Amino acid sequence: MQGAPETHSGETRTPIRGVRKATAAAMVASAFTAPHVTVFLSVDVTETMALLERLRSSKRFAGVKLTVTTLLAKIATLSLARHRALNSHWDGENAEIIEFGHVNLGLAAATGRGLMVPVVHDAQRMDLAGLAAAAGELTLAAREGTITPAQLTGGTFSISNVGVFGIDAGTPILPPGQAGILAVGQVRKMPWEHQGEIALRQVMALSLSFDHRLVDGEQGASFLAEVGGILEDPGMLMGLV
């Protein structure tokens with residue numbers, strides 16, 4: 000029949016539904032509602048990686064899965080208390096900006112059903128071990144398909160680790176209603192200036208996307224610089240607790 004679509008062998012057609020459909024709708028709504036801005040920072044994380052290995056081998060964290068994302072989640076949670084604009088919400092219906100006094104931390108996870116962002120509620124109340132345990136349980140539930148709607152809602156700030164896919168950096172899209180999302184790239188050994196000389200160091204790229212209605216460029220840059228500074232010198236974390 001003239002005008003009929005041509006078909007090709009090997010072609011597959013998958014209905015758009017479930018998690019994939021909901022995620023697509025949310026991302027489109029976010030991208031075309033919030034004015035996104037993304038800033039980038041490359042960081043020498045050699046000291047943080049050494050700290051991570053020490054923590055993993057300590058009795059305090061026996062049986063706890065500690066990752067770079069876990070450390071970064073703790074750093075970001077503490078830093079958000081000083082950079083409240085990044086932990087806020089634009090309520091256009093009531094013409095209000097809501098700054099949250101708690102941090103419901105979203106952790107993006109790739110699953111067989113598509114991207115999910117499980118939420119660790121009241122992350123600011125958790126120590127590092129508790130945060131690691133909660134993140135691990137939620138990520139596992141998301142991948143096994145047992146996660147509940149309540150565990151996927153209410154996020155106030157999110158983190159996405161694109162480094163697990165061998166990626167250096169990206170420009171993450173904000174989860175709907177959130178002011179900021181931090182993307183974490185892979186840790187790579189590369190030549191880097193250290194103490195006035197060139198040395199082989201472990202380096203990571205950070206990408207922060209934020210809603211420019213809520214967060215000014217200086218505010219976004221200040222938050223990212225603070226997080227990056229602690230990753231370079233984890234002892235600086237004591238200044239936030």
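Here the sequence shown stands for residues 0 to 240, numbered as in numbering that gives the first Met the number 0.
For every residue, glycine included, the Cβ atom is placed at its ideal position computed from N, Cα and C.
All figures in this text were calculated on a predicted structure; none of them were measured in a lab.
Terminal residues of the beta strand (DSSP E) in which residue i lies
i: GLY144; result: GLY144 -> no beta strand (DSSP E), and no H or E assigned at all.
i: GLU95; result: 95-98
i: ASP90; result: 87-90
Residue i vs residue j beta-carbon contact at 9 Å
i: LEU173; j: ASP210; result: yes
i: ALA178; j: HIS88; result: yes
i: ALA141; j: MET125; result: no
i: LEU54; j: VAL67; result: no
i: ALA131; j: THR69; result: yes
i: LEU104; j: THR145; result: no
i: GLN123; j: LEU137; result: no
i: ILE166; j: LEU106; result: no
i: ARG127; j: LEU65; result: Going by the sequence as given, residue 127 is Leu instead of Arg. Result yes, Cβ atoms of LEU127 and LEU65 sit closer than 9 Å.
i: PHE164; j: ALA109; result: yes
i: VAL161; j: GLY169; result: yes
i: SER57; j: PHE222; result: no
Identity of the residue in the options nearest residue i by Cα
i: PRO171; options: LEU205, THR69, PRO117; result: LEU205
i: PRO190; options: SER208, GLY9, ASP43; result: ASP43
i: GLU225; options: VAL214, THR155, ARG81; result: ARG81
i: SER41; options: LEU106, MET203, PHE222, LEU104; result: MET203
i: ALA33; options: GLY176, THR155, ARG16; result: GLY176
i: PHE99; options: ALA107, LYS188, ASP90; result: ASP90
i: VAL38; options: GLY234, PRO233, ASP215; result: ASP215
i: PRO117; options: PHE222, ALA168, THR155, HIS35; result: THR155
i: GLU143; options: THR11, LEU199, ARG112; result: ARG112
i: ASN86; options: GLY195, LYS188, GLN218; result: GLN218
i: GLN194; options: GLU231, THR11, LYS188; result: GLU231
i: GLY62; options: ILE15, GLY129, VAL36, GLU196; result: GLY129
i: GLY248; options: GLY9, HIS120, PRO148, PHE60; result: This structure cannot settle anything about residue 248, because the visible part of the chain is limited to 0 through 240.
According to DSSP, residues forming a beta bridge with residue i
i: PRO190; result: LEU199
i: SER208; result: THR37, ILE180
i: PHE156; result: LEU104
i: VAL118; result: GLY105
i: VAL42; result: MET203
i: THR110; result: GLY113
Supposed contact pair residue j and residue i - C-beta distance, whole angstroms, cut 8 Å
i: VAL183; j: GLN201; result: With 8 Å as the limit, VAL183 and GLN201 do not qualify as a contact, their Cβ atoms being about 13 Å apart.
i: LEU207; j: LEU239; result: That pair is no contact at about 17 Å.
i: ILE229; j: ILE74; result: 5 Å
i: ALA134; j: ALA84; result: No, ALA134 and ALA84 are not in contact; Cβ-Cβ is about 24 Å, not under 8 Å.
i: THR13; j: PRO233; result: Actually they do not touch by this definition, with Cβ atoms about 44 Å apart.
Residue span of the alpha helix (DSSP H) that contains residue i, given as start and end
i: LEU51; result: 45-55
i: LYS73; result: 67-79
i: ILE229; result: 216-231
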